[in-house]
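Heads up, the thing below is written out as structure tokens.
Number of protein chains: 2
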Amino acid sequence: MSASTSAERGAEVRRRLLVAAAELIPEVGWHAVSTRAVAERAGVGAGLVHYHFRSVQSLLRHAVVEVMTQLLAEFPRVLSTDTSEDVVVREMLAALDDYSGTDATSLLFMEAYLASARDEQLRAELSHLLDDFRSALTAWLAARGTRAPAETAAVLAAAVDGVMLHRALHPGLTATAVAPVLRRLVSHSTEREQG
Amino acid sequence: MSASTSAERGAEVRRRLLVAAAELIPEVGWHAVSTRAVAERAGVGAGLVHYHFRSVQSLLRHAVVEVMTQLLAEFPRVLSTDTSEDVVVREMLAALDDYSGTDATSLLFMEAYLASARDEQLRAELSHLLDDFRSALTAWLAARGTRAPAETAAVLAAAVDGVMLHRALHPGLTATAVAPVLRRLVSHSTEREQG
DNA sequence: GCTCACCTTGGGCGTCTGCCCAACACTATA
DNA sequence: TATAGTGTTGGGCAGACGCCCAAGGTGAGC
Numbered sequence: 100m101s102a103s104t105s106a107e108r109g110a111e112v113r114r115r116l117l118v119a120a121a122e123l124i125p126e127v128g129w130h131a132v133s134t135r136a137v138a139e140r141a142g143v144g145a146g147l148v149h150y151h152f153r154s155v156q157s158l159l160r161h162a163v164v165e166v167m168t169q170l171l172a173e174f175p176r177v178l179s180t181d182t183s184e185d186v187v188v189r190e191m192l193a194a195l196d197d198y199s200g201t202d203a204t205s206l207l208f209m210e211a212y213l214a215s216a217r218d219e220q221l222r223a224e225l226s227h228l229l230d231d232f233r234s235a236l237t238a239w240l241a242a243r244g245t246r247a248p249a250e251t252a253a254v255l256a257a258a259v260d261g262v263m264l265h266r267a268l269h270p271g272l273t274a275t276a277v278a279p280v281l282r283r284l285v286s287h288s289t290e291r292e293q294g
Numbered sequence: 100m101s102a103s104t105s106a107e108r109g110a111e112v113r114r115r116l117l118v119a120a121a122e123l124i125p126e127v128g129w130h131a132v133s134t135r136a137v138a139e140r141a142g143v144g145a146g147l148v149h150y151h152f153r154s155v156q157s158l159l160r161h162a163v164v165e166v167m168t169q170l171l172a173e174f175p176r177v178l179s180t181d182t183s184e185d186v187v188v189r190e191m192l193a194a195l196d197d198y199s200g201t202d203a204t205s206l207l208f209m210e211a212y213l214a215s216a217r218d219e220q221l222r223a224e225l226s227h228l229l230d231d232f233r234s235a236l237t238a239w240l241a242a243r244g245t246r247a248p249a250e251t252a253a254v255l256a257a258a259v260d261g262v263m264l265h266r267a268l269h270p271g272l273t274a275t276a277v278a279p280v281l282r283r284l285v286s287h288s289t290e291r292e293q294g
């Protein structure tokens, strides 16, 4: 079949390995993901992992960066200068409703943050990823006249991840509960503010 | 020596195992902590781990709960009804300055949060721990007249952990940078607020 | 037909893992 | 002095680990 060259099938297997790895990281934890488990889930021989990737660590790094890039890329499109604060806050809360703190995506993010503490290359890639995300948020806040937009954006992004982090241990931390509080952050832009 | 009975020395070894485990968790990651590594750092034979603890998981659980209990217990004492908001925010920021996101304590907390997703007993214990912490914060906020004190306390606690989480990837996220933003959360208690 | 490059397999290597256990040291009681 | 209870050691077991590699399969270009 000319539609499926050897190289193309190779790329497909590589993709399946990345998907399998991204699934296993939240399930068993970063350090507990093994070459054999990834290969089994991807439906390929165990040796293939080290054909397509230099090491397990490299596979996990690629997998996590790929997933996070896709997810974070979806958000900035909602941020245009004429987007109301309600829409933005609602969007972030919708994200919070999707991610309970014990779901695969939340855990994948946390595992990635944690792994980046022991993997300099991963830290650099995630750092760049979050920079882009914060930049979009900062620009939107600045256009709205919010004080200290960069710092507010940073705290807002951190708060969302923090809520995600705490949520598994505090089910009452629902989106509707935190909405008014978070809105306080983006609303009172013209208030006095002591340095 | 009567000052050191067999039982007392046993308790001391058990304590050393807990300390060694609490050190190793941030260093190598939860799943990568092994009985032999803990025993070596504690300066005892490898078999002792399973004498004092049912399993490695049990050891890690005890270690992490002990450390977190001690650290969280220090905070509520600063919260009395006559404590000014400045002092409280300054106290939380001091905590942020101590914990850079890549230090042992920050990593230990994150590892614990993550591990609790796969360990029901640990989740219950951490949940209880954070409940107490939030209760103290809620009571203080309520006494100050802050709107939605429970929700604000939850978001505040989550924001601190979130900032810690992001900090390793964003060195500019200093305490002085986020201070005015966080203060916004506790300050404007009498503003209009849409539910 | 052949070569060549790429992909894939399954097994093997040495190392590490959690957990177990027989043997031993020590103290307190009888 | 004998006995019992507690703490401790180091080795052993079966299994899993990361990584490697010889061998084989399969299409593209000559």
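Chains as they are written, first to last, in this note's numbering: chain B, 100 to 294; chain X, 100 to 294. Idealized CB from N, CA, C, for every residue including glycine.
I'd like to check one pair, residue j with residue i: are the Cβ atoms closer than 9 Å?
{"i": "residue 210 of chain B", "j": "residue 124 of chain B", "result": "yes"}
{"i": "residue 129 of chain B", "j": "residue 203 of chain B", "result": "no"}
{"i": "residue 261 of chain X", "j": "residue 259 of chain B", "result": "yes"}
{"i": "residue 138 of chain B", "j": "residue 119 of chain B", "result": "yes"}
{"i": "residue 112 of chain B", "j": "residue 149 of chain B", "result": "no"}
{"i": "residue 115 of chain B", "j": "residue 141 of chain B", "result": "yes"}
{"i": "residue 265 of chain B", "j": "residue 257 of chain X", "result": "yes"}
{"i": "residue 227 of chain X", "j": "residue 233 of chain B", "result": "no"}
{"i": "residue 171 of chain X", "j": "residue 229 of chain X", "result": "yes"}
{"i": "residue 273 of chain B", "j": "residue 216 of chain X", "result": "no"}
{"i": "residue 277 of chain B", "j": "residue 147 of chain B", "result": "no"}
I want to verify the contact list: residues of chain X whose CB lies under 7 Å from the CB of residue i, in sequence order.
{"i": "residue 251 of chain B", "result": "280"}
{"i": "residue 256 of chain B", "result": "265"}
Report the three-state DSSP secondary structure of residue i (helix, strand or coil).
{"i": "residue 280 of chain B", "result": "helix"}
{"i": "residue 153 of chain X", "result": "coil"}
{"i": "residue 130 of chain X", "result": "helix"}
{"i": "residue 270 of chain X", "result": "coil"}
{"i": "residue 294 of chain B", "result": "With a pLDDT of 33 at residue 294 of chain B, under the threshold of 50, the modelled position of that residue is not reliable, and no figure is offered here."}
{"i": "residue 287 of chain B", "result": "At residue 287 of chain B, the pLDDT of 48 sits below 50, so the modelled position is not reliable; the number obtained from the coordinates is stated separately. In the structure shown, residue 287 of chain B sits in coil (DSSP, three-state: anything other than H, G, I, E or B)."}
{"i": "residue 143 of chain B", "result": "coil"}
{"i": "residue 218 of chain B", "result": "coil"}
{"i": "residue 202 of chain B", "result": "coil"}
{"i": "residue 208 of chain B", "result": "helix"}
{"i": "residue 245 of chain B", "result": "coil"}
{"i": "residue 183 of chain B", "result": "coil"}
{"i": "residue 158 of chain X", "result": "helix"}
{"i": "residue 122 of chain X", "result": "helix"}
{"i": "residue 117 of chain X", "result": "helix"}
{"i": "residue 112 of chain X", "result": "helix"}
{"i": "residue 100 of chain X", "result": "In this prediction, residue 100 of chain X scores a pLDDT of 39, lower than 50, which makes its location untrustworthy; no coordinate-derived value is stated."}
{"i": "residue 232 of chain B", "result": "helix"}
{"i": "residue 213 of chain B", "result": "helix"}
{"i": "residue 178 of chain X", "result": "coil"}
{"i": "residue 224 of chain B", "result": "helix"}
Closer than 9 Å by beta-carbon distance: list the chain B residues that pair up with residue i, in chain order.
{"i": "residue 234 of chain X", "result": "Under the 9 Å cutoff, chain B gives no residues; its nearest Cβ is about 12 Å from residue 234 of chain X."}
{"i": "residue 170 of chain X", "result": "Within chain B, no residue comes near residue 170 of chain X; the closest Cβ sits about 16 Å away, beyond 9 Å."}
{"i": "residue 276 of chain X", "result": "247, 249, 250, 253 and 254"}
Listing by chain order, which chain B residues have their CB less than 8 Å from the CB of residue i?
{"i": "residue 190 of chain X", "result": "By Cβ distance, chain B contributes nothing, its closest Cβ being about 16 Å from residue 190 of chain X, past 8 Å."}
{"i": "residue 226 of chain X", "result": "268 and 269"}
{"i": "residue 131 of chain X", "result": "130"}
Thinking C-alpha only, which one of the options is nearest residue i?
{"i": "residue 225 of chain X", "options": "B:267, B:114, B:170 and B:217", "result": "B:267"}
{"i": "residue 158 of chain X", "options": "X:126, X:263 and X:117", "result": "X:117"}
{"i": "residue 281 of chain B", "options": "X:263, X:278 and X:250", "result": "X:250"}
{"i": "residue 183 of chain B", "options": "B:242, B:133 and B:263", "result": "B:242"}
{"i": "residue 153 of chain B", "options": "B:141, B:216, B:167 and B:134", "result": "B:134"}
{"i": "residue 275 of chain B", "options": "X:169, X:253 and X:187", "result": "X:253"}
{"i": "residue 109 of chain X", "options": "X:126, X:122, X:127 and X:143", "result": "X:143"}
{"i": "residue 245 of chain B", "options": "B:186, B:272, B:283 and B:269", "result": "B:283"}
{"i": "residue 156 of chain B", "options": "B:175, B:107 and B:222", "result": "B:222"}
{"i": "residue 187 of chain X", "options": "X:263, X:238 and X:122", "result": "X:238"}
{"i": "residue 169 of chain B", "options": "B:218, B:121 and B:271", "result": "B:121"}
{"i": "residue 207 of chain X", "options": "X:219, X:166, X:173 and X:195", "result": "X:166"}
{"i": "residue 175 of chain X", "options": "X:199, X:194 and X:231", "result": "X:231"}
{"i": "residue 219 of chain X", "options": "X:160, X:126, X:127 and X:146", "result": "X:160"}
{"i": "residue 164 of chain X", "options": "X:126, X:277 and X:212", "result": "X:212"}
{"i": "residue 279 of chain B", "options": "X:248, X:131, X:277 and X:205", "result": "X:248"}
{"i": "residue 271 of chain B", "options": "B:205, B:255 and B:199", "result": "B:199"}
Run down chain X in chain order and give the residues with a C-beta less than 8 Å from the C-beta of residue i.
{"i": "residue 259 of chain B", "result": "261"}
{"i": "residue 229 of chain B", "result": "265, 268 and 269"}
{"i": "residue 201 of chain B", "result": "216"}
{"i": "residue 213 of chain B", "result": "128, 206, 209, 210 and 213"}
{"i": "residue 222 of chain B", "result": "267 and 268"}
{"i": "residue 284 of chain B", "result": "280, 283 and 284"}
List the residues of chain B that residue i touches, going by C-beta distances under 7 Å, in chain order.
{"i": "residue 154 of chain X", "result": "The premise fails here: residue 154 of chain X is roughly 15 Å from chain B at the closest Cβ pair, so nothing lies under 7 Å."}
For a contact defined as C-beta to C-beta under 9 Å, what are the partners of residue i on chain X?
{"i": "residue 272 of chain B", "result": "250, 253, 254 and 257"}
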